[in-house]
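Peer 1: Pasting a structure below so you can have a look.
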Amino acid sequence: MSERNIIAIHDLRNPASGAGIPEIPALPAGAELSSGLLADSLGRTLHDLRISVTDRCNFRCSYCMPKEVFDKDYRFLPQTALLSFEEMLRIARIFVACGVRKIRLTGGEPLLRRHLEDLVAMLANLRTPDGAPLDLTLTTNGSLLARKAAALRQAGLRRVTVSLDAMDDRIFRAMNDVDFPVADVLAGIDAAVAAGLGPVKVNMVVKRGTNEHEIVAMARHFRERHGGQVVLRFIEYMDVGATNGWRMDQVLPSAEVRARLHAAFPLMPLDAAQPGETAERWAYADGRGEVGFISSVTQAFCGDCNRARLSTEGQLYLCLFAERGHDLRSLLRGAHPSGRPWSDAEIAAAIGLIWQRRDDRYSQLRASQPAETATTEGSGRRRIEMSYIGG
Ligand code: SAM
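Anchor point for the sequence shown: position 203 equals 203 in full-length UniProt numbering, and the numbering is continuous, going up by one each time.
As structure tokens, then:
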């Protein structure tokens, strides 16, 4: 492998990136755009791509973007650093050629990115090699959804996931830490259902001692108001990033959440809808819809993780808990040593090589650690923030 064929790639944000700058291996000249399935070093095939469209958010949830860190002096990415919609479309098209079938737009808060419907419309036109449309979805805090749901649907968005941690207005305002009222998010969920973005998923992060008493109230609201059109999912509070001061004793295990819910509304297990699904599905025994449990702390699901994540500035991350990414923006904006731009086939080859070497299984490894060292500080790692790569 000659040195001039090696493109240095490095994490643009992460302080850990000083040590051992990763590289994209030599790219074969005349590489052809692949259309096969890509498997990583643990046999996991690439299927989902999550694209973060902004690192900014209008909420300051303490478990994600604590105010003390993300304050008025925090330096968010400059506009020039962000991938343009055209760059996102190009990279998405290449990922689809590499096997991606589902794209989720995320952030930060994705609805803060101006004209997001234009990006949705561009991605909605993409087709898999066998001519099928993508499963195109978006994760949002719901604050702007009432205004935007219809336009997003019209642009070609298929589904939406809304994050909501409490029904009680006082608890919700405290958790988002910007005093945002729950009624506006509920209106956003109603608008998404009305626009045909269903089944709408509602994700609730359960933090022991903070919102655990909201579990049954949340379930009651969505069962009674929307039945099967809204699927509530309970997420274990995770040790993502390095700023939220996560501790294991703040995690309410899914098994306990399920037991509390089952006592109020009896549940029956359902089969997974598709491989690699993050949530374990349960149905209400009375037929009024289903709920999900995402247990990345107590039941790591690294074994079939098929997700790649692209940051707003074009860094590719292979794990939610990664410490560094792979700089695809350099390939999109840079040039081959001969001066011409990198071709789609060459970028696809780079992505293929990166994915084939993937061996991340952070949550499984964390599960084997003693609980007392399983804190964000105790881990001794500088993980990337979730607001930077999205959920
Ligand atoms: N702003 C959008 C939203 O609120 O959905 C998208 C980005 S947000 C980072 C994506 C998801 O990550 C949200 O559902 C949020 O609750 C979840 N999240 C953030 N930090 C988390 C943590 N420490 N543990 C579990 N989930 C977390």
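Backbone N, C-alpha and C define an ideal beta-carbon position, used for all residues, glycine too. Every value quoted in this text rests on a predicted model; they were computed, and no experiment measured them.
Going straight from the alpha carbon of alanine 150 to that of alanine 191, what length do you get?
Peer 2: Alanine 150 and alanine 191: Cα-Cα distance of roughly 8 Å.
Peer 1: May I ask you to report which of helix, strand or coil DSSP gives glutamate 257?
Peer 2: The sequence shown places valine at residue 257, not glutamate. Here valine 257 sits in helix by DSSP.
Peer 1: Does the ligand SAM have even one heavy atom less than 7 Å from the beta-carbon of tyrosine 237?
Peer 2: Yes - the ligand SAM has a heavy atom lying nearer than 7 Å to the Cβ of tyrosine 237.
Peer 1: Rounded to the nearest angstrom, how far is the Cβ of glutamine 229 from that of valine 193, given a contact under 8 Å?
Peer 2: Indeed, because the Cβ distance is near 5 Å, the residues count as touching under 8 Å.
Peer 1: Cβ-heavy atom distance between glutamate 109 and the ligand SAM below 7 Å?
Peer 2: It does: the Cβ of glutamate 109 is within 7 Å (strictly closer) of some heavy atom of the ligand SAM.
Peer 1: Would you say methionine 175 touches the ligand SAM, meaning its beta carbon is less than 7 Å from a heavy atom?
Peer 2: Flag unset: Cβ of methionine 175 not near the ligand SAM.
Peer 1: From leucine 37 to cysteine 98, what distance separates their C-alpha atoms?
Peer 2: Approximately 6 Å between the Cα atoms of the pair.
Peer 1: Could you pull out every residue in the same chain whose Cβ sits closer than 8 Å to the Cβ of serine 62, ignoring the five residues on either side in sequence?
Peer 2: Hits under 8 Å: Met175, Asp177 and Asn244.
Peer 1: With DSSP as the reference, identify every bridge partner of arginine 104, one or two as the case may be.
Peer 2: According to DSSP, arginine 104 bridges with Arg50 and Thr137.
Peer 1: Going straight from the alpha carbon of arginine 93 to that of isoleucine 215, what length do you get?
Peer 2: Looking at the two C-alpha atoms, the distance is approximately 40 Å.
Peer 1: State yes or no: is the C-beta of leucine 270 within less than 8 Å of the C-beta of glutamate 212?
Peer 2: No; because the gap between Cβ atoms is not below 8 Å, this pair is not in contact.
Peer 1: For the ligand SAM, any of its heavy atoms closer than 7 Å to the Cβ of cysteine 302?
Peer 2: False, no ligand heavy atom lies under 7 Å from that Cβ.
Peer 1: Using only alpha-carbon positions, find the residue among Val100, Ala279 and Leu365 that is nearest to aspartate 130.
Peer 2: Looking at the Cα atoms, Val100 is the closest of the given residues.
Peer 1: Put alanine 187 into one of helix, strand or coil per three-state DSSP.
Peer 2: Three-state result, alanine 187: helix.
Peer 1: Inspect the beta-carbon positions of arginine 104 and arginine 50 and report whether they are closer than 8 Å.
Peer 2: Contact flag set, yes.
Peer 1: So for arginine 383, helix, strand or coil by DSSP?
Peer 2: Coil.
Peer 1: Among Thr312, Ala322, Glu280 and Tyr284, which one has its Cα closest to the Cα of isoleucine 384?
Peer 2: Residue Ala322 is the option with its Cα nearest to isoleucine 384.
Peer 1: May I ask you to list the residues that DSSP assigns as paired with valine 251?
Peer 2: Looking at the DSSP assignment, valine 251 forms a beta bridge with Lys207.
Peer 1: Please tell me whether, using a cut-off of 7 Å, the distance from the CB of threonine 210 to the nearest non-hydrogen atom of the ligand SAM is below it.
Peer 2: Checking the Cβ of threonine 210 against the ligand SAM gives no.
Peer 1: Can you check whether the CB of glycine 209 is closer than 8 Å to the CB of glutamine 250?
Peer 2: Yes, these two residues count as a Cβ contact at 8 Å.
Peer 1: Do you know offhand how far leucine 353's Cα is from glutamate 346's?
Peer 2: Going by the C-alpha atoms only, they are around 11 Å apart.
Peer 1: Between Gln369, Arg357 and Arg159, which lies nearest to alanine 300 when the distance is taken from Cα to Cα?
Peer 2: For alanine 300, the nearest C-alpha among the options comes from Gln369.
Peer 1: Could you tell me which of Cys319, Gly314 and Leu320 sits nearest to glutamine 79, measuring between CA atoms?
Peer 2: Nearest of Cys319, Gly314 and Leu320 to glutamine 79, Cα basis: Gly314.
Peer 1: Methionine 218 lies in the alpha helix (DSSP H); which residues open and close that run?
Peer 2: That run of the alpha helix (DSSP H) goes 215-226.
Peer 1: When every heavy atom of the ligand SAM is checked, does at least one fall within less than 7 Å of the C-beta of threonine 80?
Peer 2: Not so, every heavy atom of the ligand SAM lies at least 7 Å from the Cβ.
Peer 1: Check whether the Cβ atoms of residue 469 and arginine 366 sit closer than 8 Å, and answer yes or no.
Peer 2: The structure shown does not extend to residue 469, since the chain is modelled only from 1 to 391, so the question has no answer here.
Peer 1: What ranges does the alpha helix (DSSP H) occupy inside the segment 152-201, keeping only unbroken runs of at least 4 residues that lie completely in it?
Peer 2: Listed in chain order, the complete alpha helix (DSSP H) runs (minimum 4 residues) inside the segment 152-201 are 169-176 and 182-195.
Peer 1: For my contact list, leucine 316 and leucine 328 are in at a C-beta cut-off of 8 Å; report their separation, rounded to the angstrom.
Peer 2: Indeed they touch by this definition, with Cβ atoms about 5 Å apart.
Peer 1: Hey, would you say methionine 204 sits closer than 8 Å to leucine 232, going by beta carbons?
Peer 2: For methionine 204 and leucine 232, yes; Cβs fall inside 8 Å.
Peer 1: Jot down the residue ranges of each uninterrupted alpha helix (DSSP H) in the segment 246-331, minimum 4 residues, whole runs only, in chain order.
Peer 2: Qualifying alpha helix (DSSP H) stretches, in chain order: 254-264.
Peer 1: For the 8 Å Cβ check, are there 3 or more pairs between the segment 66-74 and the segment 103-123?
Peer 2: As far as the Cβ criterion goes, the segment 66-74 does not touch the segment 103-123, which means the pair count is below three.
Peer 1: Cα separation between valine 162 and asparagine 141?
Peer 2: When rounded, the distance between both Cα atoms is 6 Å.
Peer 1: Just to check, is the beta-carbon of methionine 386 closer than 7 Å to a non-hydrogen atom of the ligand SAM?
Peer 2: Yes, the beta carbon of methionine 386 sits closer than 7 Å to at least one heavy atom of the ligand SAM.
Peer 1: Which of the three DSSP states, helix, strand or coil, is assigned to arginine 333?
Peer 2: Note: arginine 333 maps to helix in three-state DSSP.
Peer 1: Within the present structure, is the beta-carbon of valine 231 separated from the nearest heavy atom of the ligand SAM by less than 7 Å?
Peer 2: No; taking the cut-off as 7 Å, the Cβ of valine 231 has no heavy atom of the ligand SAM nearer than that.
Peer 1: Along the beta strand (DSSP E) that carries phenylalanine 95, what are the first and last residues, could you check?
Peer 2: It is not in any beta strand (DSSP E) - phenylalanine 95 instead sits in the alpha helix (DSSP H) that spans 85-97.
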